[in-house]
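Chains as they are written, first to last, in my numbering: chain V, 23 to 312; chain R, 11 to 139.
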């Protein structure tokens with residue numbers, strides 16, 4: 023029974039390809055999910071045509087139960103490409119999946135017409151088609167998700183590299199402007215780059231500026247203290263600057279102890295302290311000439 | 011048994027750790043150094059750990075102990091040249107060596123000792139004339 027239903031489907035795909043394609047496109051249009059703003063209709067036609075062609079040749083093998091099998095490789099590859107493109111073009115996951123699901127109706131119609139007299143075979147065929155199309159639809163969603171995840175991962179890495187600059191303010195004075203939320207992975211990178219820079223430049227004073235850190239909680243404070251402590255072990259004094267009024271209040275409210283660290287409101291104040299520690303002074307030319 | 015050499019420079023003692031520390035070596039150093047401080051009545055001790063690349067909780071603790079013992083015997087102690095990895099490890103282990111002076115290298119460490127002890131600068135490089 024099942025064997026005949028699968029061969030029936032392969033047969034039907036072979037015979038009525040053009041009609042199927044036309045009905046499918048009509049169906050896609052009717053579903054309202056055709057996004058003319060995101061892709062041209064000729065491109066969509068092309069993709070539908072391509073898919074039907076590959077679907078047909080995969081169907082020749084009459085293995086509809088497992089789309090992970092090698093004979094479905096080319097279909098999966100095509101869907102992977104389509105799904106990835108659409109993810110980048112800005113389609114939603116349901117729009118991408120509907121591309122596959124909308125093939126059901128035209129295909130069922132065809133089956134109904136062909137197998138009008140054989141109810142058992144009809145139900146069997148419909149079940150087989152549903153199963154395989156569902157699997158393919160899920161596959162597109164999976165690829166879509168993976169594409170999105172890759173984008174997120176890349177952005178995270180970019181953020182990590184972006185947010186850890188160590189700048190030299192003066193001979194022997196480094197500054198570390200921290201931007202964004204601190205988590206353990208980022209803090210680890212920040213700490214390592216800072217300590218490495220201390221070794222390379224032989225700096226005696228480091229100013230850690232947290233103006234760009236939106237919130238300070240106990241965890242962030244702990245990270246800061248660890249960094250300060252590690253820098254101290256290497257013979258470098260740390261000054262924390264850029265503590266905004268709300269953050270100062272939060273720190274007190276949380277009962278965090280930053281008493282072992284020099285803290286300043288602005289980077290300028292911290293720089294002045296750093297210069298003093300290096301026994302340097304800035305003199306205005308005007309006052310000198312008087 | 012191998013030992014870590016302790017060099018005398020005027021009133022200061024200089025300890026340069028050039029090999030990986032193991033437990034007995036660290037303890038031997040602690041013994042030797044305390045004896046030397048008493049014998050020479052040194053006023054300052056510089057411990058250079060720039061070649062030290064591995065540290066565990068025991069070595070970390072012994073380092074802290076050596077510094078504390080030296081201070082107890084009246085010698086200012088400065089630990090110099092700690093590598094980033096060692097610093098991170100010690101902080102993660104919760105051994106922040108509080109109360110121990112630190113400096114970036116032997117030169118700055120020596121100057122720090124001289125400033126702390128009020129000894130005038132003599133010879134050597136002097137960045138702030």
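Glycine residues also receive a C-beta, built at the ideal position from the N, C-alpha and C atoms.
Check, Outcome
"Per-residue DSSP class, three states only, for residue 34(R)", "helix"
"Within-8 Å CB hit, residue 200(V) to chain R", "no"
"Helix, strand or coil at residue 306(V) [DSSP, three-state]", "coil"
"Rounded separation between residue 38(R) and residue 26(R) - CA only", "14 Å"
"Proximity test, Cβ basis, 8 Å: residue 157(V) and chain R", "no"
"Spatial distance of residue 24(V) from residue 211(V) (CA atoms)", "Bear in mind that the predicted position of residue 24(V) carries a pLDDT of just 46, short of 50, making it too unreliable to give a figure here."
"Boundaries of the alpha helix (DSSP H) in which residue 216(V) is found, first to last residue", "206-223"
"Alpha carbon of residue 238(V) to alpha carbon of residue 191(V), nearest angstrom", "25 Å"
"Nonlocal neighbours in the same chain, by C-beta distance under 6 Å from residue 116(R), ignoring five residues either side", "58 and 90"
"Supposed close pair residue 155(V), residue 123(V) - CB separation, criterion 8 Å", "7 Å"
"Residues of the stretch 211-244 of chain V whose Cβ lies closer than 9 Å to any Cβ of chain R, in chain order", "213, 214, 216, 217, 218, 220, 221, 224, 225 and 226"
"Minimum Cβ-Cβ distance from residue 116(R) to chain V less than 8 Å", "no"
"Residue closest to residue 282(V), alpha-carbon to alpha-carbon, out of 106(R), 43(R), 113(R) and 118(R)", "106(R)"
"Three-state class that DSSP yields for residue 48(R) in the structure shown", "helix"
"Beta-carbon proximity check, residue 284(V) vs residue 269(V), cutoff 8 Å", "no"
"Backbone CA spacing between residue 169(V) and residue 73(V) [nearest angstrom]", "20 Å"
"Which of helix, strand or coil DSSP assigns to residue 286(V)", "coil"
"Close beta carbons around residue 115(V), own chain, < 6 Å, minus the five adjacent residues each side", "163 and 166"
"Nearest candidate by alpha-carbon position, reference residue 132(V), set 35(V), 296(V) and 306(V)", "35(V)"
"Burial state of residue 15(R), where buried means 16 or more other Cβ atoms lie within 10 Å", "exposed"
"Beta carbon proximity, residue 61(V) to chain R, threshold 8 Å", "no"
"The stretch 292-312 of chain V / the stretch 249-266 of chain V touching (three or more Cβ pairs under 8 Å)", "yes"
"Local conformation of residue 88(V) per DSSP, three classes", "coil"
"Through-space distance from residue 222(V) to residue 112(R), alpha-carbon basis", "17 Å"
"Buried versus exposed, by CB contacts within 10 Å (16 or more), residue 135(R)", "Residue confidence for residue 135(R) is low, a pLDDT of 47 falling below 50, so the modelled location carries little weight; the figure read from the coordinates is stated next. The residue in question, residue 135(R), is exposed, as its Cβ has fewer than 16 Cβ neighbours within 10 Å."
"Beta carbon of residue 28(V) nearer than 8 Å to that of residue 117(V)", "no"
"Exposure label - residue 139(V); buried when at least 16 CB within 10 Å", "exposed"
"Beta-carbon gap between residue 196(V) and residue 225(V) smaller than 8 Å", "yes"
"Sequence-distant residues of the same chain with beta carbon closer than 8 Å to residue 97(V), five excluded per side", "73, 76, 77, 80, 89 and 158"
"Residues in the stretch 244-275 of chain V having any Cβ partner in chain R nearer than 7 Å", "248, 251, 252, 254, 255, 256, 257 and 258"
"Spatial neighbours of residue 55(R) in its chain, beta-carbon cut-off 6 Å, leaving aside the 5 residues before and after", "23, 80, 85 and 87"
"Buried or exposed by the 16-neighbour rule on C-beta atoms within 10 Å, applied to residue 30(V)", "buried"
"Cβ neighbour criterion (16 or more within 10 Å) applied to residue 174(V)", "exposed"
"Contacts around residue 129(V), its chain only, beta-carbon distance under 6 Å, and the 5 residues preceding and following it disregarded", "151"
"Cβ neighbours of residue 43(V) in the same chain (closer than 7 Å, five flanking residues each side left out)", "70, 71 and 74"
"Which listed residue (19(R), 110(R) and 129(R)) has its alpha carbon closest to that of residue 258(V)", "110(R)"
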